[in-house]
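Novice: Residue numbering for the sequence shown follows the numbering used here, starting at 661 and increasing by one per position. Just so it is clear, CB atoms sit at the ideal spot from N, CA and C, and this is done for glycine as well. Note that the coordinates shown come from a computational prediction; the quantities given were computed from them, not determined experimentally.
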Amino acid sequence: MRNPVTLAQVARKAGVAISTASMVLNDRPNTRISAATQQRVRHAARELGYRPRSARTRPRLHLVVGGVSAHPEPFENLAVVAAMQAEAARANATVQVVIVGQTAAAQREALEALVEGRCDGLLVATRLEPEGLDWLLSRRVPVVLVGAAMADPRCTSVHSDNYQGSGLLMDHLLRLGHRRIAFCGSCRDMTYEQQRYQCYVARCLEIGVVPAPHWVYWERESQHSLEEWVARLAPRRREPECTAIFADQVQLGERVWHALRRQGYRVPEEMSLVVFEEMRLGTPEAHPFTRVRCAPEAIARLAVIRLLLEIATPDLPRVRMVLPTDFAQGTTAAPPPDSAVATEGDGDRPPLGGARIRAGTR
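1. Using a threshold of 9 Å, state whether the C-beta atoms of H838 and S932 are closer than that.
2. Within the same chain, show all residues whose beta-carbon is closer than 6 Å to that of E970, passing over the 5 residues directly before and after it, in chain order.
3. Is the Cβ-Cβ distance between T851 and A811 less than 9 Å?
4. DSSP puts S817 in a beta bridge; with which residues?
5. Helix, strand or coil, according to DSSP, for Q1055 in the structure here?
6. Would the beta-carbon of M847 fall within 9 Å of that of L886?
7. Which of the three DSSP states, helix, strand or coil, is assigned to D831?
8. At a cut of 8 Å, does the stretch 912 to 922 reach the stretch 696 to 704 through at least three beta carbon pairs?
9. Taking the alpha-carbon of V724 as reference, which of L796, A972 and Y710 has the nearest alpha-carbon?
10. Assess contact between the stretch 958 to 965 and the stretch 739 to 759, defined as three or more Cβ pairs (one per stretch) separated by less than 8 Å. Is contact present?
11. Determine the extent of the alpha helix (DSSP H) in which G837 is found, giving its start and end residues.
12. Can you tell which of M981, L983 and F936 has the C-alpha that lies nearest to the C-alpha of A992?
13. Please report the Cβ distance between A862 and I905, rounded to the nearest whole angstrom; I am assuming they are in contact, meaning their Cβ atoms lie under 8 Å.
14. Give me, in chain order, the residues of the same chain whose beta-carbon lies closer than 7 Å to that of P995; leave out the 5 immediate sequence neighbours on both sides.
15. For the beta strand (DSSP E) holding A907, just list the boundary residues, first then last.
16. Among residues of its own chain, excluding the 5 on either side of Q756, which ones have a beta-carbon nearer than 8 Å to its beta-carbon?
17. Which residues mark the beginning and the end of the beta strand (DSSP E) in which G777 is found?
18. Compute the distance between the beta-carbons of V760 and G792, then report whether it is under 9 Å.
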């Protein structure tokens, strides 16, 4: 990243004196400066990505979150915002929450308004459309991606270890004796969900099981509701396709739990359920899930510290910062029913609905 644009560069591009550019960009009234000149100076500043010195004396950070949509963002945790503000205050900085829309046009409009004002750096906790992120980086605005809703090697990212955490959940189910495990997620294009899904598949393959296509559910691309998927996976009057479900978000886990109960299943006696806990609104869950989580406050603090460093030292390399997750034993996972264990041990018979890989073959 190049060094910050100077006032002299803006003045040169606008064809005015440095003092004139300073009065315009620092909102000092001067009736002798024409409206056309003021517009020319501000246009030059926008094109070059200039930020007034006053904005740099007390850094102003903005936490960018997604707007209200049919698919709520996982990052809605008020405790996370408080942790960011507390960490910023230690460096005499501030953090303000900004809601951007879901469309490229809405995001671009919100981002332009931010950059034109006092904005030293952005903590992005939503998935920006490529055009929006490209525009931000072209303006040389320091950006740290929080929570891995998206990934881009041009930006520093801070998030929990999705693969490691998913491995903890899968290993727990495997130790309990489960072999037919289903997976449900929201959107396979989300970086963090793809990493969790990849670990799920890898663990299944390690025990010689290829997950059947209908064991996997992606809400945003499925033609069926989550309730319909659960009903097919666990019909009431015959042996279920799977004995456990891995939900890669808490809100999905809650809905799966309710769907299983409506099907007449007892959790975990007849169906186990594990979840990957997200950074979300800090209300206590209705169910003590068996889960993994990374303290969101730790992610928040590290993201602020790194962003402040990149503001102070623009040439710092952009890095990926991954924090490990912790396993929490809840009450939603138990050994599979005896009938399911017997099925798994029945010679070379493949698991119901899936395929088994024989040793020495591909």
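Specialist: This is what the structure holds:
1. yes
2. P802 and L976
3. yes
4. L805 and R980
5. Residue 1055 lies beyond the residue range present for the chain, which begins at 661 and ends at 1022; the question has no answer from this structure.
6. Met is not the amino acid found at residue 847; the sequence shown has Cys there. Their beta carbons are not under 9 Å apart, which means C847 does not touch L886 by this criterion.
7. helix
8. no
9. L796
10. yes
11. Run containing G837: none; DSSP gives neither H nor E here.
12. Ala is not the amino acid found at residue 992; the sequence shown has Thr there. T992 has its Cα closest to that of F936, out of M981, L983 and F936.
13. At roughly 18 Å, the Cβ-Cβ gap does not stay under 8 Å, so A862 and I905 are not in contact.
14. L836 and G837
15. A904 to A907
16. R720, L721, H722 and L723
17. Looking at the DSSP string, G777 is not in any beta strand (DSSP E), and its letter there is neither H nor E.
18. yes
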